[in-house]
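J.:
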Amino acid sequence: MQIPKWLQSHLKQDGNDWNLQFTKQQIKTIAIILIAILVIFLGFGIWGIARQVEVLQLRQENQLQKEQLRLLDQKVEVLDKKMKTLDELDQNIRNMIKGTESGTLQKADGTTQNKEEKEDPSPKSSNKTFTTTQLSARISSLDRQAQRRMVSMYTLYNVLREGVGKDIRELQSLLAMEGDASDANSHMPSIWPAKGVISSTFGARQDPVYGGGAFHEGLDIANDTGTTIVATAAGTVTYAAYAGGYGNLIEIDHGNGFITKYGHNSALLVQAGMTVKKGQSIALMGSTGKSTGSHVHYEVRVNGVATDPLLFLPIQ
């Protein structure tokens, strides 16, 4: 093997042996070069680790954004359901007032809209680009509008169903009502009955105890035993006792055809005949009756018909 020329000058023969000899300055130079190479490799290693951490952070942020968008999609779906229900109720009310099935509907502002035309209040209908924060704020704003419309529409609808003789002009002014309905709002079940996690929604499901298909007429919210349950609207307690599968049940009549039920309680804090305020504590969560775990079964009935409670609840 041929020895490089720069190395030959440092080779010294000692008998049969060859030794490398360097001056102190040369040794210092070699040491500096080796340290520099080590520092360079170390720098590349640190840079590579930093890049990996950055990529991991970006992946986590991307996953978080996907989860935020998924939750926003769920909120939009609930909001769309609310608005569709309100549109149907709005149409029924106008037909009852006008006594007609004509092809146009009169809006509160006096303009008209074909039945085939559908207003799309959801954030998806806009051509603008929104951040998740802006989109969430817009959804919350639309949800508050839906809540106000819900108050006015259901109040008017029940008035018309009862056949109360009101002047058409008065009815039309009620129809235009969109806010400032504090008294009606206090009797509208529009707050959550308890803190917790939704364990079962309204509609068809598998019976949690007996199995097989069943229709769930309320909303189940799960939390620890003893969690406070509140009245979702002002009204009069019409039932506060044990009721078979409901377990310890509270039923409240809010007037205007609205009744709410709260089942499976561990303790009842009110009695039949008592008047309660919106947000007042009425029971403690439990698992009495036909139940597989601590939760509150919450029902909303409008004119005796079980209605999806999520239509009345603010989006969380």
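Residues in the sequence shown are numbered from 324 upward in steps of one, following my numbering.
Glycine included, each C-beta is placed from N, C-alpha and C at the ideal position.
1. Tell me which same chain residues have a C-beta within less than 8 Å of the C-beta of G570, skipping the five on either side of it?
2. Thinking T551 and A517 are a contact (beta carbons under 8 Å), I'd like their distance in whole angstroms, please.
3. Taking the continuous beta strand (DSSP E) assigned at D543, which residues delimit it?
4. So what does G609 bridge to, in DSSP terms?
5. What three-state label does DSSP hand F525 in the structure shown?
6. Report the rounded CA-to-CA distance for S604 versus L387, giving the unit in angstroms.
7. Run through DSSP, which three-state label would K600 get?
8. Name the two residues that bound the continuous beta strand (DSSP E) containing F581.
9. What are the complete alpha helix (DSSP H) segments, minimum 4 residues, inside the segment 390–415?
10. For I573, name the three-state secondary structure that DSSP assigns.
11. With H, G and I counted as helix, E and B as strand and the rest as coil, what does DSSP make of L555?
12. On a Cα-Cα basis, can you pick out the residue from A556, K584 and N546 that is closest to A564?
13. State the Cα-Cα distance for the pair M406 and L633, rounded to the nearest angstrom.
T.: Checking against the coordinates, here is how it stands:
1. Non-local C-beta neighbours of G570 in its own chain, meaning closer than 8 Å and more than five positions away in sequence, comprise G586, H587, N588, G609, S610, T611, G612, K613 and S614, ordered along the chain.
2. Contact between T551 and A517 holds, since their C-beta atoms are separated by about 7 Å, short of 8 Å.
3. D543: member of the beta strand (DSSP E) spanning L542 to A545, first to last residue.
4. The bridge partners DSSP lists for G609 are H618.
5. It is coil, neither helix nor strand.
6. Approximately 36 Å, taken between the alpha carbons.
7. Correct three-state label for K600: coil.
8. Note, F581: beta strand (DSSP E), F581 to N588.
9. Within the segment 390–415, no complete alpha helix (DSSP H) run reaches 4 residues.
10. DSSP places I573 in strand when its eight states are reduced to three.
11. In the sequence under discussion, the amino acid at residue 555 is Thr, which differs from the Leu named in the question. Coil at T555, not helix or strand.
12. Out of A556, K584 and N546, K584 has the C-alpha closest to the C-alpha of A564.
13. In this structure, the CA atom of M406 is about 12 Å from the CA atom of L633.
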